[in-house]
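Input: a single structure, listed below in C-alpha coordinates.
Listed below in C-alpha coordinates is the structure:
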(Lines of atoms letter the chains of each structure in order from A and count residues from 1; the text may use other names and numbers.)
(Lines give C-alpha, C1' and ligand atoms only; values in the text may rest on other atoms or scores of the structure.)
Protein backbone atom coordinates (compact mmCIF):
# COMPACT_ATOMS: atom_id res chain seq x y z
CA UNK A 1 0.00 0.00 0.00
CA UNK A 2 1.45 3.40 -0.98
CA UNK A 3 1.97 6.56 1.06
CA UNK A 4 -1.33 8.09 -0.05
CA UNK A 5 -3.35 4.93 0.71
CA UNK A 6 -1.89 4.61 4.22
CA UNK A 7 -2.65 8.28 4.93
CA UNK A 8 -6.28 8.01 3.76
CA UNK A 9 -6.89 4.84 5.78
CA UNK A 10 -5.45 6.38 8.95
CA UNK A 11 -7.49 9.60 8.75
CA UNK A 12 -10.66 7.71 7.78
CA UNK A 13 -10.42 5.66 11.00
CA UNK A 14 -9.81 8.84 13.00
CA UNK A 15 -12.93 10.43 11.52
CA UNK A 16 -15.04 7.35 12.33
CA UNK A 17 -13.82 7.06 15.92
CA UNK A 18 -13.94 10.73 16.92
CA UNK A 19 -16.94 11.71 14.82
CA UNK A 20 -15.21 14.22 12.58
CA UNK A 21 -16.98 15.60 9.54
CA UNK A 22 -16.18 14.46 6.01
CA UNK A 23 -14.70 17.89 5.29
CA UNK A 24 -12.32 17.61 8.26
CA UNK A 25 -11.44 14.07 7.20
CA UNK A 26 -10.48 15.14 3.68
CA UNK A 27 -8.50 18.17 4.90
CA UNK A 28 -6.56 16.18 7.48
CA UNK A 29 -5.90 13.36 5.00
CA UNK A 30 -4.36 15.64 2.39
CA UNK A 31 -2.41 17.56 5.05
CA UNK A 32 -0.89 14.32 6.28
CA UNK A 33 -0.15 13.22 2.72
CA UNK A 34 1.60 16.54 1.99
CA UNK A 35 3.68 16.22 5.13
CA UNK A 36 4.78 12.71 4.18
CA UNK A 37 5.61 13.83 0.65
CA UNK A 38 7.68 16.70 2.09
CA UNK A 39 9.60 14.31 4.32
CA UNK A 40 10.19 11.89 1.44
CA UNK A 41 11.33 14.73 -0.87
CA UNK A 42 13.69 16.08 1.76
CA UNK A 43 15.10 12.60 2.22
CA UNK A 44 15.62 12.19 -1.53
CA UNK A 45 17.38 15.57 -1.79
CA UNK A 46 19.62 14.70 1.15
CA UNK A 47 20.46 11.36 -0.44
CA UNK A 48 21.24 13.07 -3.77
CA UNK A 49 23.53 15.58 -2.02
CA UNK A 50 25.37 12.80 -0.19
CA UNK A 51 25.68 10.81 -3.43
CA UNK A 52 27.06 13.87 -5.27
CA UNK A 53 29.66 14.52 -2.55
CA UNK A 54 30.56 10.84 -2.53
CA UNK A 55 30.98 10.87 -6.33
CA UNK A 56 33.27 13.92 -6.13
CA UNK A 57 35.38 12.24 -3.46
CA UNK A 58 35.61 9.02 -5.47
CA UNK A 59 36.20 10.43 -8.96
CA UNK A 60 37.67 13.85 -8.16
CA UNK A 61 36.43 17.31 -9.07
CA UNK A 62 35.65 18.07 -12.70
CA UNK A 63 38.49 19.88 -14.43
CA UNK A 64 37.65 23.32 -15.85
CA UNK A 65 38.13 23.88 -19.57
CA UNK A 66 40.99 26.07 -20.77
CA UNK A 67 41.39 27.79 -24.17
CA UNK A 68 44.32 25.78 -25.52
CA UNK A 69 45.78 27.65 -28.54
CA UNK A 70 46.20 24.49 -30.62
CA UNK A 71 42.59 23.30 -30.28
CA UNK A 72 41.19 25.45 -33.08
CA UNK A 73 40.07 23.95 -36.37
CA UNK A 74 43.16 25.15 -38.23
CA UNK A 75 45.39 25.96 -35.23
CA UNK A 76 48.83 24.42 -34.82
CA UNK A 77 51.18 23.67 -31.94
CA UNK A 78 53.48 26.37 -30.59
CA UNK A 79 57.05 25.06 -31.17
CA UNK A 80 58.46 27.31 -28.43
CA UNK A 81 55.93 25.92 -25.94
CA UNK A 82 56.75 22.34 -26.98
CA UNK A 83 60.45 23.03 -26.41
CA UNK A 84 59.82 24.55 -22.99
CA UNK A 85 57.47 21.67 -22.14
CA UNK A 86 60.15 19.15 -23.07
CA UNK A 87 62.53 21.00 -20.77
CA UNK A 88 59.99 20.72 -17.93
CA UNK A 89 59.59 17.01 -18.64
CA UNK A 90 63.35 16.44 -18.65
CA UNK A 91 64.07 18.35 -15.46
CA UNK A 92 60.93 17.61 -13.44
CA UNK A 93 59.02 14.57 -14.74
CA UNK A 94 61.57 12.23 -16.34
CA UNK A 95 62.98 11.06 -13.01
CA UNK A 96 59.75 9.09 -12.39
CA UNK A 97 57.69 9.00 -15.61
CA UNK A 98 58.67 7.32 -18.87
CA UNK A 99 57.69 8.21 -22.44
CA UNK A 100 58.40 4.90 -24.13
CA UNK A 101 56.64 5.73 -27.43
CA UNK A 102 58.64 8.89 -28.20
CA UNK A 103 62.11 8.82 -29.79
CA UNK A 104 64.59 11.66 -30.12
CA UNK A 105 64.12 11.92 -33.88
CA UNK A 106 60.50 12.93 -33.27
CA UNK A 107 61.78 16.20 -31.82
CA UNK A 108 63.76 17.14 -34.93
CA UNK A 109 62.09 19.98 -36.81
CA UNK A 110 59.45 20.36 -34.11
CA UNK A 111 61.31 21.83 -31.15
CA UNK A 112 65.02 21.27 -31.88
CA UNK A 113 67.46 21.23 -34.75
CA UNK A 114 68.98 17.89 -35.73
CA UNK A 115 72.40 18.65 -34.22
CA UNK A 116 70.83 19.73 -30.93
CA UNK A 117 68.81 16.53 -30.77
CA UNK A 118 71.83 14.34 -31.54
CA UNK A 119 73.80 15.98 -28.73
CA UNK A 120 70.85 15.52 -26.38
CA UNK A 121 70.53 11.82 -27.21
CA UNK A 122 74.28 11.24 -26.81
CA UNK A 123 74.10 12.35 -23.17
CA UNK A 124 72.53 8.99 -22.25
CA UNK A 125 74.07 5.52 -22.31
CA UNK A 126 71.95 2.89 -24.03
CA UNK A 127 72.35 -0.87 -23.67
CA UNK A 128 72.67 -2.53 -27.06
CA UNK A 129 73.79 -5.79 -28.53
CA UNK A 130 74.67 -8.50 -28.62
CA UNK A 131 78.02 -7.89 -30.28
CA UNK A 132 80.07 -10.40 -32.27
CA UNK A 133 81.02 -12.11 -29.03
CA UNK A 134 77.40 -12.44 -27.92
CA UNK A 135 77.69 -9.87 -25.15
CA UNK A 136 75.58 -6.79 -24.46
CA UNK A 137 77.31 -3.42 -24.47
CA UNK A 138 76.53 0.22 -23.85
CA UNK A 139 76.79 3.04 -26.36
CA UNK A 140 75.84 6.72 -26.55
CA UNK A 141 72.25 7.33 -27.52
CA UNK A 142 71.26 8.25 -31.05
CA UNK A 143 68.25 9.74 -32.80
CA UNK A 144 66.46 6.43 -33.28
CA UNK A 145 66.49 5.66 -29.53
CA UNK A 146 63.43 6.23 -27.40
CA UNK A 147 63.54 8.39 -24.30
CA UNK A 148 65.36 6.54 -21.47
CA UNK A 149 63.35 4.64 -18.88
CA UNK A 150 63.67 5.90 -15.28
CA UNK A 151 63.32 2.37 -13.84
CA UNK A 152 64.38 -1.07 -15.00
CA UNK A 153 60.90 -2.57 -14.49
CA UNK A 154 57.54 -1.99 -12.83
CA UNK A 155 58.58 -3.61 -9.56
CA UNK A 156 61.53 -1.23 -9.22
CA UNK A 157 59.24 1.73 -9.96
CA UNK A 158 56.74 0.69 -7.29
CA UNK A 159 59.46 0.07 -4.73
CA UNK A 160 60.91 3.55 -5.29
CA UNK A 161 57.49 5.25 -5.06
CA UNK A 162 55.94 3.59 -2.04
CA UNK A 163 53.88 1.11 -4.05
CA UNK A 164 52.56 3.63 -6.59
CA UNK A 165 53.37 3.10 -10.26
CA UNK A 166 54.08 6.31 -12.22
CA UNK A 167 52.21 6.00 -15.55
CA UNK A 168 53.87 6.36 -18.92
CA UNK A 169 53.19 9.85 -20.29
CA UNK A 170 53.35 9.12 -24.03
CA UNK A 171 49.54 9.08 -24.39
CA UNK A 172 48.49 10.53 -21.04
CA UNK A 173 46.40 13.37 -22.54
CA UNK A 174 44.40 10.80 -24.54
CA UNK A 175 44.19 8.22 -21.75
CA UNK A 176 42.46 10.47 -19.22
CA UNK A 177 38.98 11.97 -19.34
CA UNK A 178 39.14 15.65 -20.33
CA UNK A 179 42.83 14.96 -21.12
CA UNK A 180 44.71 18.25 -21.34
CA UNK A 181 42.48 20.06 -18.86
CA UNK A 182 42.75 17.19 -16.37
CA UNK A 183 46.56 16.99 -16.53
CA UNK A 184 46.97 20.76 -16.16
CA UNK A 185 44.50 20.93 -13.27
CA UNK A 186 46.10 17.95 -11.55
CA UNK A 187 49.58 19.50 -11.74
CA UNK A 188 48.40 22.87 -10.41
CA UNK A 189 45.57 21.73 -8.13
CA UNK A 190 47.40 20.75 -4.94
CA UNK A 191 45.78 22.14 -1.79
CA UNK A 192 45.93 21.75 1.97
CA UNK A 193 43.35 19.16 3.03
CA UNK A 194 40.14 20.72 4.38
CA UNK A 195 39.09 20.36 8.00
CA UNK A 196 38.06 16.82 8.83
CA UNK A 197 40.06 15.24 6.00
CA UNK A 198 43.14 13.29 7.02
CA UNK A 199 45.73 12.13 4.49
CA UNK A 200 48.00 9.27 5.45
CA UNK A 201 51.73 9.69 5.40
CA UNK A 202 53.27 9.51 1.94
CA UNK A 203 50.18 10.86 0.15
CA UNK A 204 49.24 14.40 -0.83
CA UNK A 205 45.83 16.06 -1.08
CA UNK A 206 44.62 16.94 -4.57
CA UNK A 207 40.84 17.29 -5.04
CA UNK A 208 41.11 16.62 -8.79
CA UNK A 209 42.64 13.17 -8.31
CA UNK A 210 40.23 10.25 -7.78
CA UNK A 211 39.99 9.71 -4.04
CA UNK A 212 41.69 13.03 -3.30
CA UNK A 213 44.98 11.45 -2.18
CA UNK A 214 47.87 11.11 -4.64
CA UNK A 215 51.36 9.70 -4.13
CA UNK A 216 53.02 12.27 -6.40
CA UNK A 217 54.00 15.42 -4.48
CA UNK A 218 53.55 18.91 -5.88
CA UNK A 219 56.25 19.17 -8.56
CA UNK A 220 55.61 22.55 -10.19
CA UNK A 221 56.68 25.52 -8.12
CA UNK A 222 57.49 29.03 -9.26
CA UNK A 223 61.12 29.21 -10.38
CA UNK A 224 61.64 25.44 -10.19
CA UNK A 225 63.53 25.56 -13.50
CA UNK A 226 65.11 28.25 -15.66
CA UNK A 227 63.81 28.41 -19.22
CA UNK A 228 66.40 28.70 -21.98
CA UNK A 229 64.46 31.50 -23.69
CA UNK A 230 64.06 33.56 -20.52
CA UNK A 231 60.32 32.99 -20.10
CA UNK A 232 59.30 33.35 -16.41
CA UNK A 233 58.93 29.82 -15.04
CA UNK A 234 55.73 30.26 -13.05
CA UNK A 235 53.67 27.30 -11.94
CA UNK A 236 50.92 27.91 -14.50
CA UNK A 237 53.43 28.58 -17.31
CA UNK A 238 55.26 25.30 -16.65
CA UNK A 239 51.93 23.47 -16.46
CA UNK A 240 50.78 24.93 -19.78
CA UNK A 241 54.08 24.13 -21.52
CA UNK A 242 54.39 20.55 -20.29
CA UNK A 243 50.74 19.84 -21.22
CA UNK A 244 51.38 21.28 -24.70
CA UNK A 245 54.40 18.98 -25.02
CA UNK A 246 52.40 15.95 -23.84
CA UNK A 247 49.55 16.82 -26.22
CA UNK A 248 52.00 16.93 -29.12
CA UNK A 249 53.49 13.60 -28.00
CA UNK A 250 50.02 12.01 -28.03
CA UNK A 251 49.03 13.53 -31.40
CA UNK A 252 52.14 14.44 -33.41
CA UNK A 253 50.12 14.10 -36.64
CA UNK A 254 47.48 16.66 -35.61
CA UNK A 255 48.78 19.48 -37.83
CA UNK A 256 48.99 17.19 -40.87
CA UNK A 257 45.45 15.96 -40.23
CA UNK A 258 44.13 19.52 -40.01
CA UNK A 259 45.96 20.39 -43.24
CA UNK A 260 44.23 17.50 -45.02
CA UNK A 261 40.87 18.72 -43.72
CA UNK A 262 41.60 22.12 -45.26
CA UNK A 263 42.65 20.59 -48.59
CA UNK A 264 39.62 18.28 -48.73
CA UNK A 265 37.33 21.21 -47.91
CA UNK A 266 38.68 23.13 -50.91
CA UNK A 267 38.23 20.07 -53.12
CA UNK A 268 34.64 19.69 -51.89
CA UNK A 269 33.87 23.33 -52.70
CA UNK A 270 35.29 22.91 -56.20
CA UNK A 271 33.26 19.75 -56.74
CA UNK A 272 30.07 21.51 -55.62
CA UNK A 273 30.74 24.44 -57.96
CA UNK A 274 31.52 22.13 -60.91
CA UNK A 275 28.36 20.11 -60.28
CA UNK A 276 26.22 23.25 -60.22
CA UNK A 277 27.92 24.57 -63.37
CA UNK A 278 27.35 21.37 -65.36
CA UNK A 279 23.84 20.54 -64.19
CA UNK A 280 22.41 24.06 -64.21
CA UNK A 281 21.89 23.76 -68.00
CA UNK A 282 19.59 20.76 -67.62
CA UNK A 283 17.76 22.09 -64.58
CA UNK A 284 16.96 25.43 -66.25
CA UNK A 285 16.03 23.97 -69.66
CA UNK A 286 12.43 24.34 -70.72
CA UNK A 287 10.91 21.79 -73.11
CA UNK A 288 8.02 22.95 -75.29
CA UNK A 289 5.95 20.51 -77.30
CA UNK A 290 5.01 22.03 -80.65
CA UNK A 291 1.90 20.28 -81.86
CA UNK A 292 1.52 20.48 -85.63
CA UNK A 293 -2.09 20.90 -86.66
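In UniProt numbering, the protein residues as written are 1 to 293.
For each residue, glycine too, the CB sits at the ideal point set by N, CA and C.
- Residue 83 counts as buried, since at least 16 other C-beta atoms from the protein chains shown sit within 10 angstroms of its C-beta.
- Nearest neighbour of residue 103 by Cα position, chosen from 124, 91, 88, turns out to be 124.
- With respect to the C-alpha of residue 110, the residue from 193, 95, 290, 255 having the closest C-alpha is 255.
- By DSSP's assignment, residue 183 forms no beta bridge with any residue.
- Less than 9 Å separates the beta-carbon of residue 78 from that of residue 70.
- Beta bridge pairing from DSSP links residue 204 with 214.
- Within the DSSP bridge table, the entry for residue 137 names 128 as partners.
- By the neighbour-count definition (other C-beta atoms within 10 Å, threshold 16), residue 180 is a buried residue.
- Per DSSP, residue 99 is not a residue of any alpha helix (DSSP H), being assigned neither H nor E.
- Pairing residue 130 with residue 137, the inter-Cα distance amounts to about 7 Å.
- Using a Cβ-Cβ distance cut-off of 8 Å, the stretch 257–273 and the stretch 218–237 are not in contact, since fewer than three pairs of beta carbons, one from each stretch, lie closer than that value.
- Between residue 171 and residue 250 a beta carbon distance of about 5 Å is seen, short of the 8 Å cut, so the two are scored as contacting.
- In this model, residue 64 and residue 97 are separated by some 25 Å (Cα to Cα).
- In summary, residue 72 is exposed, with fewer than 16 beta-carbon neighbours lying within 10 Å of its beta-carbon over all protein chains present.
- Within the same chain, and ignoring the five residues on either side of residue 91 in sequence, the residues whose Cβ sits closer than 6 Å to its Cβ are 225.
- Only exposed fits residue 221, as fewer than 16 other CB atoms lie within 10 angstroms of its CB.
- For the pair residue 245 and residue 88, the CB atoms are nearer than the 9 Å cut-off.
- Scanning its chain for C-beta atoms nearer than 6 Å, with the 5 sequence neighbours on each side dropped, one finds around residue 101 the residues 170, in chain order.
- Contact check for residue 197 against residue 205 passes: the beta carbons are separated by less than 9 Å.
- Straight through space, the alpha carbons of residue 264 and residue 290 are spaced by roughly 47 Å.
- Between residue 192 and residue 81, the CB-CB gap reaches or exceeds 9 Å.
- Looking at 175, 60, 62, 68, the one whose alpha-carbon comes closest to that of residue 237 is 68.
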